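Structure, as structure tokens:
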Ligand code: AMP
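Numbering (this note's numbering), first residue to last: 42 to 235.
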């Protein structure tokens, strides 16, 4: 079983979305606070991002936000976080988010969320880390994407063993047990927290 002390959550910056996606963020925030697992995320107060950060804080948990200076205007860095780190670029942001986390969760989101998901997945494929990745398929939101991924495997552009580098769950309650129970693979670079 993996020792998960901090979790990076990738999720949307839009709030014009279905209520069930917002509810999922609140539920995950509550669970992280209860389990004393630190939330690491993009540091904004907009959309699902702001909702999960608020849920963790309101339930007594800890949150680290990492935001590039230039996004402080549009995503508005959340001032009430346990820790807010301002960085110079998107690349540094994603690097620090990855370094600070013991596992990754993908909630519903848009293009930015997709970029973050595929980057952390391909870094794992390249054996740059061995931290678990869980996609939360709330209300089937990610099903078309999962279909595309399966198509990529069927057509030979990705190997099934790399498809297995992320897990899909359909309820928020399944996220943490799945992160904790994922077996470690034999990769070159290990997390310093595991
Ligand atoms: P979105 O899923 O598009 O609502 O964006 C979610 C998060 O991803 C936000 O914090 C965005 O700033 C971030 N984001 C947007 N575009 C990119 C990108 N090209 N690379 C990395 N992160 C991004």
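No residue lacks a Cβ here, since even glycine has one placed at the ideal position from N, Cα and C. What you are looking at is a predicted structure, and each value in this text was computed from that prediction instead of being measured.
With residue i and residue j assumed to form a contact (beta carbons below 8 Å), what rounded beta-carbon distance in angstroms separates them?
i	j	result
residue 143	residue 119	Not a contact, Cβ separation roughly 22 Å.
residue 106	residue 125	5 Å
residue 213	residue 76	Going by Cβ atoms, the distance from residue 213 to residue 76 rounds to 13 Å, so no, they are not a contact pair.
residue 87	residue 56	7 Å
residue 43	residue 208	The pair is not a contact, with the Cβ atoms about 12 Å apart (cut-off 8 Å).
residue 154	residue 52	6 Å
residue 206	residue 165	5 Å
Identify, in the order they occur along the chain, each residue of the same chain with its Cβ nearer than 6 Å to the Cβ of residue i, setting aside the five sequence neighbours on each side.
i	result
residue 220	45, 144, 173 and 175
residue 81	47, 49, 105, 138, 141 and 142
residue 70	93, 96 and 97
residue 59	none
residue 102	73 and 74
residue 211	178
residue 63	92
residue 100	71 and 74
For residue i, which residues in the same chain have their Cβ closer than 7 Å to its Cβ, ignoring the five residues on either side in sequence?
i	result
residue 91	85 and 119
residue 160	135
residue 123	103, 104 and 105
residue 204	190 and 194
residue 66	52, 89, 92, 93, 96 and 148
Near residue i, what residues of its chain come up, given a Cβ to Cβ distance below 8 Å and the 5 sequence neighbours on each side ignored?
i	result
residue 116	54, 83, 84, 85, 86, 87, 90 and 108
residue 187	176, 178 and 209
residue 130	109
DSSP beta-bridge partners for residue i?
i	result
residue 152	The partner list for residue 152 (beta bridge, DSSP) is empty, contrary to what the question assumes.
residue 109	128
### Task
Check whether the segment 110-119 touches the segment 143-157, taking contact to mean three or more Cβ pairs, one atom from each stretch, closer than 8 Å.
no
### beta strand (DSSP E) runs wholly inside the segment 48-104, at least 3 long, in chain order
Segments of the beta strand (DSSP E) lying fully in the segment 48-104: 79-82.
### Message
Three or more C-beta pairs under 8 Å: does that hold for the segment 72-88 against the segment 179-188?
### Response
no
### Task
Please go through the segment 175-225 and give each complete alpha helix (DSSP H) segment of 4 or more residues, from N-terminal end onward.
List check, alpha helix (DSSP H) in window: 184-195, 201-204 and 216-222.
### Task
Scan the segment 111-155 and note each continuous beta strand (DSSP E) run of 3 residues or more that stays entirely inside, going in chain order.
Taking only runs of at least 3 residues, the beta strand (DSSP E) segments lying wholly in the segment 111-155 are 124-128 and 145-147.
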